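K.L.:
Residue numbers (our numbering): 246 to 473. Built from N, CA and C at the ideal position, the CB exists for glycine as well. Since we're looking at a predicted model, the values are computed, not measured.
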Amino acid sequence: MATFEAYERQFTDIVDALSRAGQSSHCLHELKRRVDDADSLIRQMDLEARSLPPADRAHLLARLRAHKLALLAAKKRAKEMAGDAGEGGAVAGQRGGGGGLRAAEERAALMEEGRDYVPLSGAAEQRTRLLQATARLAESSERVAESRRSMVQTEQLGVSILHDLHQQRQSLLRAGDTLEDVDQQMSRSRRVLAGMAYKLHRNKWITALILTALLLAIAAIIYLRLHH
246 MATFEAYERQ
256 FTDIVDALSR
266 AGQSSHCLHE
276 LKRRVDDADS
286 LIRQMDLEAR
296 SLPPADRAHL
306 LARLRAHKLA
316 LLAAKKRAKE
326 MAGDAGEGGA
336 VAGQRGGGGG
346 LRAAEERAAL
356 MEEGRDYVPL
366 SGAAEQRTRL
376 LQATARLAES
386 SERVAESRRS
396 MVQTEQLGVS
406 ILHDLHQQRQ
416 SLLRAGDTLE
426 DVDQQMSRSR
436 RVLAGMAYKL
446 HRNKWITALI
456 LTALLLAIAA
466 IIYLRLHH
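1. Assess, as a yes-or-no matter, whether the segment 301–321 is touched by the segment 382–402 under the definition of 3 or more beta carbon pairs within less than 8 Å.
2. Would A380 pass as a contact of L286 if the rule is Cβ separation under 8 Å?
3. What residue range does the alpha helix (DSSP H) around R254 cover?
4. Any beta-carbon of chain D closer than 8 Å to the one on A439?
5. Could you tell me whether the Cβ atoms of V280 and K320 are closer together than 8 Å?
6. Would the beta-carbon of L316 fall within 8 Å of that of D282?
7. How long is the line joining the alpha carbons of K324 and K313, rounded to whole angstroms?
8. Among residues of its own chain, excluding the 5 on either side of Q401, which ones have a beta-carbon nearer than 7 Å to its beta-carbon?
9. Rounded to the nearest angstrom, what separates L471 and A464 at their Cα positions?
10. Quick one, are the C-beta atoms of F249 and A311 less than 8 Å apart?
11. Suppose you measure from the CA of Q339 to the CA of T257; what does that come to, to the nearest Å?
12. What is the rounded straight-line gap between the Cα of R254 and the Cα of K277?
13. From D422 to A462, what distance separates their C-alpha atoms?
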């Protein structure tokens, strides 16, 4: 965040200086250089913003969009000033010494305005490459974190499925035990019914024998009475 704000201050200083620049050849050269520096600062701010956490990134990217609009306006103004300088080159050449004095004054004004301006150097380019590498590393870290979250979710889902399968297995085991109990009860019931059927069949034969004995006894009694 602090690095982004430092780049932002440099960019604001450059845009302010561009808004006050003159139209001499030296000023136009300085103007082009500062536009290039501002463009480089925009890229560095973009890399710095994208390397920050998402909570800070959205706010900084919104500020960066506003700075990009300001840079576009500065580039448009620089292009217009370059066109105006080309059309008025002959007139400027006829002004002689007065024009040279004015150019010297404009250079002095630019030097005064740029006293606090620190141009970009090779270290800044190295920092740009470092920020690019950091941004790529941050993106890779985010992808790894996302993959890790997906793996955790998949693992949790697998644990939940295993838990459900375990519960279903327990339910099937309890159902098997219940069926075994029912089978045992049915076996006992079959044995009881078989015993009852045997007793009923036996009692039927006993009753038949008793009736046969009674009939024979009655027949014998009748026979004896008829012959005596």
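P.N.:
In short:
1. The segment 382–402 vs the segment 301–321: no contact.
2. Locating residue 380 in the sequence shown gives position 135, counting from the first residue. Locating residue 286 in the sequence shown gives position 41, counting from the first residue. Not in contact: A380 and L286 (Cβ atoms no closer than 8 Å).
3. Position 9 of the sequence shown, counting from 1, holds the residue named residue 254. Segment 247–264, the alpha helix (DSSP H) holding R254.
4. Among the chains in the structure shown there is no chain D, since it carries only a single protein chain.
5. In the sequence shown, counting from the first residue as 1, residue 280 sits at position 35. In the sequence shown, counting from the first residue as 1, residue 320 sits at position 75. The answer is yes: Cβ separation under 8 Å.
6. Counting from 1 along the sequence shown, the entry for residue 316 is found at position 71. Counting from 1 along the sequence shown, the entry for residue 282 is found at position 37. The beta carbons of L316 and D282 sit no closer together than 8 Å.
7. Counting from one through the sequence shown, the residue named residue 324 turns up at place 79. Counting from one through the sequence shown, the residue named residue 313 turns up at place 68. One Cα belongs to K324, the other to K313, and the distance between them is close to 16 Å.
8. Position 156 of the sequence shown, counted from the first residue, corresponds to residue 401. So the list is empty, once near-sequence residues are dropped.
9. Within the sequence shown, numbered from 1, the residue matching residue 471 stands at position 226. Within the sequence shown, numbered from 1, the residue matching residue 464 stands at position 219. If I take the Cα positions, the gap works out to 11 Å.
10. As a working note, residue 249 is residue 4 in the sequence shown. As a working note, residue 311 is residue 66 in the sequence shown. In this structure, the beta-carbon distance from F249 to A311 does not fall below 8 Å.
11. To locate residue 339, count along the sequence shown from 1; it is residue 94. To locate residue 257, count along the sequence shown from 1; it is residue 12. Because Q339 carries a pLDDT of 44, less than 50, the predicted location of this residue cannot be relied on, and no value is offered for it.
12. Position 9 of the sequence shown, counted from the first residue, corresponds to residue 254. Position 32 of the sequence shown, counted from the first residue, corresponds to residue 277. Going from the Cα of R254 to the Cα of K277 covers about 19 Å.
13. What you label residue 422 is simply residue 177 of the sequence shown in a count that begins at 1. What you label residue 462 is simply residue 217 of the sequence shown in a count that begins at 1. The straight-line gap separating the alpha-carbon atoms of D422 and A462 is approximately 60 Å.
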